[in-house]
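Take any residue in the sequence shown, count from 1 to its spot, add 7: that is its number in this note's numbering. Ideal Cβ positions, reconstructed from N, Cα and C, are used throughout, including at glycine. Fair warning: this is a prediction, and the values are worked out from it, not measured in the lab. Worksheet for the structure shown next.
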Amino acid sequence: MYVKREGCSGLWRSEDVVRLDLIIQREVLRNSVFRIGLLGKAQFIDLNEGVTAFARPFTEYVRRCEDIERKLVFVESEMIKSGLTFNENDINMCASIAEVEEMFLAGQLDLIEEEVRATETDLSAMIQSVEGLQNEINSNEEIKLLFNRVSQLVYESGEMEPSYDRPFQHLSRISSLLGLIDSAQVDVLYRLCYRVTRGNAIISINNEVEPMLNPKTGERDSYKSTFAVLSTSPKMIAKLKKLIENMRTTTYTLEEVESRGIQLQRADRMEEEEDAVEMRPTDGAVQTLQDLKEAIDGVRRRKESYFLDWYQKHRTYKVCLAMEKAVLNSMNSCTFSGATCTASVWIAAKYEPALEQALLSAVASSGEVHSVITRSDPCKNPPTYFETNKFTSSFQSIVDSYGMARYKEVNPGVFTIITFPYLFGIMYGDIGHGVLLLLITLYFISKERTWKASQLNEMVAMVFQGRYLLLLMSLFAIYMGFLYNDFFGFSVNIFPSGYTWASLEDVNLTVTQPIIPDGKPSVKPSHVYAFGMDSSWAETENKLEFYNSVKMKCAVIVGVVQMFAGIILSLCNHIYRRDWFRIAFLTVPEFIFLLCTFGYMSILIIVKWCTTWTDTSEAPSLLEIMTNFFLQPGNVPKNLFRGQAGLQVFLLIMAFLMVPIMLCGMPIIEYKKYRRHLARMAVLQPSDTFAEQATQSEQVIISSSDDGEDVFGDGADIIAEPSAHDDSEEYGENFDFSEVVIHYLIHTIEYVLSSVSNTASYLRLWALSLAHAQLSEVFFTFTIVNVLSADTSGALIALGVLVWLAVTLAVLVGMEALSAFLHALRLHWVEFQNKFYAGDGVGLEPFDLTSLDGRM
């Protein structure tokens, strides 16, 4: 297959991408893949497609890495919970490439696995120890609450003699159920107890809620209430205990509450005495609250010390495991035969020497036989790869969000660098708001080095990645603000006006017109305003009408020019692919149709602007001219130039003639190509094998590209307008002439209608610009101008300025900027790119180990 080499590969057209087959020794495969990953420019092709993951040679090692990663995630979560000086961003920072490379090449996976497993075991033991101590605290507090509750039931005062060892011995003959329950389940428990006991029991539930310690979090966020059920029926109590086991309750026996409650009371009294340290309970007694808290603090200090020692290792191990797992997954895409293995990669042609050097360095470290690199035959649809940097990446991402370019298709990202900020500036043109947006952008740019290695909020990260896009957007907004002469919605006298103001004695304060030598007033100013719109228009009664007219016509001209640019780019695609028939029967008719209709309208706008009218009422209406252009050909009430009526009839006839050419041209060409294909296939001998027929047929089709007749051969699959048979070089039984006719019928109708709708869609440039200017003026007038005009104090003026600033930042800098951004995005995706950009290609996804740290 013929593949044309592009001399200016890069952003204009995708890089030249080649497929390389690599034959590598088994013992250096891991190091070779690692070196290719550090290069970050090659995409591995899965040569084991269709083979299950279980049958691949390195799946067991991948699972091993995943298990270690799971343990690292557990350790990392505990590090974040510990609240030490390092935070989540520090943990996510990767170690240097040199550190990881040294560990990776040394093959220390076994050492990492052993240390991570030991760390997890020690950490789990510490966590269980803390939870056990916190459970002990909880248990002691629960025993105290239940002991006091039962005491209140037995003794009216709730107090008893300290020397009384068996305070509840007279309840020993009665079956009891004591415990605590979640406060939300109190009503449910009461109804359940009443139904089970049928009222033949003493049911006491305390409505006072007690905050209990949560052993998992260490916070007092668990609220419980005590309950006690006394009954003479042991079976009834046993049945009730089984029913409430799943209601988040903790139950105790009466003997346990009695014995431990007395011990806890004695321990509390001993702590209050002066010699409490010598008289604390021995090993057989319960531990006091102070003892338990000291034990918990000791375990936590030990855990923090453990984390500080583990911190540096954790970051290195985390990145090393991610790289190991990525390398193993890439190795699973290789095939093995004896002592060698075969890998296949896509890579940009200019990085082929770098790939060879990476393989040489891998062999030099642990091998003897050099790897063999061979180029495969050119494929039909190579992946698309664009070389971008931190400035162009945000513009390219706008195009890639719509769809990836086909291989060697013209890239709209080149034009988006200028056209996108320019269209945004047309809708957002204001000097003041542009400066505010510029200051925000410069702040993001100043934080580039600091935030590049940090984990940012999703919204902040998105804005940060598009910081250079915002930079151009703000600059174009300032530029268009000077053209509109808008500063926060008001005009500024930057240059001398071309009109003369009336004297202050004039009540009407009208603007006088210049006088020409014969004494008649002229609508033409005395001199041209230096830059942008004359500030005198801001104080006129027909200000809004004038601004509407100018901005609306500018929007139409900008839109038509951009649509023409799209058709020219479509022509570039066809010339590059040698699709001469598409140029003749699609691109040229489309260009002529648009030129004879809305191109002609844009020319009329410019002619009317360049004509000096002594009386503005004599100026023709362009809306009336274009209406008569379609409905009453040849009828021109007021001529802009001589011979306008005849020219309009000619242009309308030319536009209508382009429709059948677009509709019938390509179906006829495709039908003739199909007939010629059948004739060539009939020449083949019947004894030829199917493979020989396919080879000869492909050679015939490719050879036809030299005489300019190859529509479906070399490059028909990479055209701007998708065809019903673009992806097939051999017709066979798949060709259906009716489908081809329907396809081009839809294409023709869609193009004709979209010429109207797309032109009208560019009026959003005028609408949003007008809305932005009016909102700016309204906000400024109501919050500052009206306050300044009133006799008020300085506090009210300051309040008005603060309100204006808040509304400006929230609505005009925030919402209006986002609205203008989305409309500019739509104009590029729909009105501009649909003329030449298919966007159904496949992007190159390089195997890049340096990007695993998540840095931008």
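Buried or exposed (CB count within 10 angstroms, at least 16 for buried), residue i
i: Thr-618; result: exposed
i: Ala-274; result: buried
i: Leu-185; result: buried
i: Lys-560; result: buried
i: Thr-381; result: exposed
i: Gly-416; result: According to the sequence provided, residue 416 is Glu. The question's Gly does not apply to it. By the 10 Å Cβ count, Glu-416 comes out buried.
i: Pro-644; result: exposed
i: Asp-622; result: exposed
i: Tyr-414; result: buried
i: Ala-797; result: exposed
i: Asp-290; result: Low local confidence applies: a pLDDT of 45 at Asp-290 is under 50, so the model's placement there is unreliable, with the coordinate-based value given in what follows. With fewer than 16 Cβ atoms within 10 Å of its Cβ, Asp-290 is classed as exposed.
i: His-534; result: exposed
i: Gly-420; result: buried
i: Val-690; result: exposed
i: Phe-538; result: exposed
i: Thr-126; result: buried
i: Ser-312; result: exposed
i: His-750; result: buried
Nearest-angstrom beta carbon gap, residue j and residue i [assumed within contact, 8 angstroms]
i: Thr-423; j: Phe-393; result: Not a contact, Cβ separation roughly 12 angstroms.
i: Asp-357; j: Glu-22; result: According to the sequence provided, residue 357 is Lys. The question's Asp does not apply to it. Lys-357 to Glu-22, Cβ: 7 angstroms. Contact.
i: Leu-829; j: Met-434; result: With 8 angstroms as the limit, Leu-829 and Met-434 do not qualify as a contact, their Cβ atoms being about 10 angstroms apart.
i: Pro-428; j: Phe-489; result: No, Pro-428 and Phe-489 are not in contact; Cβ-Cβ is about 15 angstroms, not under 8 angstroms.
i: Met-669; j: Glu-757; result: That pair is no contact at about 11 angstroms.
i: Ala-235; j: Leu-152; result: Between Leu-152 and Ala-235 the Cβ distance is about 11 angstroms, and since that is not below 8 angstroms, they are no contact.
i: Leu-601; j: Ser-768; result: That belief does not hold up - the Cβ atoms of Leu-601 and Ser-768 are roughly 14 angstroms apart, past 8 angstroms.
i: Leu-187; j: Ile-251; result: At roughly 11 angstroms, the Cβ-Cβ gap does not stay under 8 angstroms, so Leu-187 and Ile-251 are not in contact.
i: Leu-777; j: Lys-558; result: 6 angstroms
Residue range of the unbroken beta strand (DSSP E) whose run includes residue i
i: Ile-188; result: 182–189
i: Thr-381; result: 379–382
i: Asp-28; result: 24–32
Pick from the options that is closest to residue i, judged by C-alpha positions
i: Glu-76; options: Ile-660, Val-656, Tyr-324, Phe-41; result: Tyr-324
i: Glu-67; options: Met-411, Met-540, Glu-331; result: Glu-331
i: Ser-745; options: Leu-809, Pro-674, Asp-189, Ile-188; result: Pro-674
i: Val-442; options: Met-487, Arg-456, Glu-416; result: Met-487
i: Arg-456; options: Glu-465, Gly-439, Arg-474; result: Arg-474
i: Thr-766; options: Gly-57, Leu-79, His-835, Phe-605; result: Phe-605
i: Trp-317; options: Gln-840, Gly-641, Arg-589, Glu-122; result: Glu-122
i: Glu-56; options: Phe-314, Thr-621, Asn-339, Val-794; result: Asn-339
i: Leu-479; options: Asp-493, Ile-452, Val-499, Ala-774; result: Ile-452
i: Asn-741; options: Glu-784, His-684, Leu-775; result: His-684
i: Ser-383; options: Lys-88, Arg-26, Ile-303, Ala-831; result: Arg-26
i: Glu-143; options: Ala-350, Leu-196, Asn-221, Thr-395; result: Asn-221
i: Pro-241; options: Ser-183, Gly-268, Ile-212; result: Ser-183
i: Ile-212; options: Pro-532, Asp-189, Arg-227; result: Asp-189
DSSP state of residue i mapped onto helix, strand, coil
i: Cys-341; result: coil
i: Lys-231; result: strand
i: Leu-54; result: coil
i: Met-86; result: helix
i: Pro-218; result: strand
i: Gln-840; result: helix
i: Ala-689; result: helix
i: Gln-639; result: coil
i: Ser-351; result: strand
i: Thr-257; result: strand
i: Ala-365; result: helix
i: Leu-647; result: coil
i: Ala-49; result: strand
i: Val-195; result: helix
i: Gly-672; result: helix
i: Ala-727; result: Only weak support is given to the placement of Ala-727: the predicted model assigns it a pLDDT of 36, under 50, and the value that follows is read from those uncertain coordinates. Coil, per DSSP.
Terminal residues of the alpha helix (DSSP H) in which residue i lies
i: Gln-403; result: 400–409
i: Ile-452; result: 438–453
i: Gln-135; result: 116–161
i: Ile-613; result: 607–617
i: Ile-212; result: Here Ile-212 belongs to no alpha helix (DSSP H); instead the beta strand (DSSP E) covers 209–212.
i: Asp-534; result: Here residue 534 turns out to be His, not Asp, going by the sequence shown. His-534 -> no alpha helix (DSSP H), and no H or E assigned at all.
i: Val-767; result: Note that residue 767 is Ala in the sequence shown here, rather than Val. Per DSSP, Ala-767 belongs to the alpha helix (DSSP H) from 744–768.
i: Ala-412; result: No alpha helix (DSSP H) holds Ala-412; DSSP gives it neither H nor E.
i: Glu-552; result: 550–584
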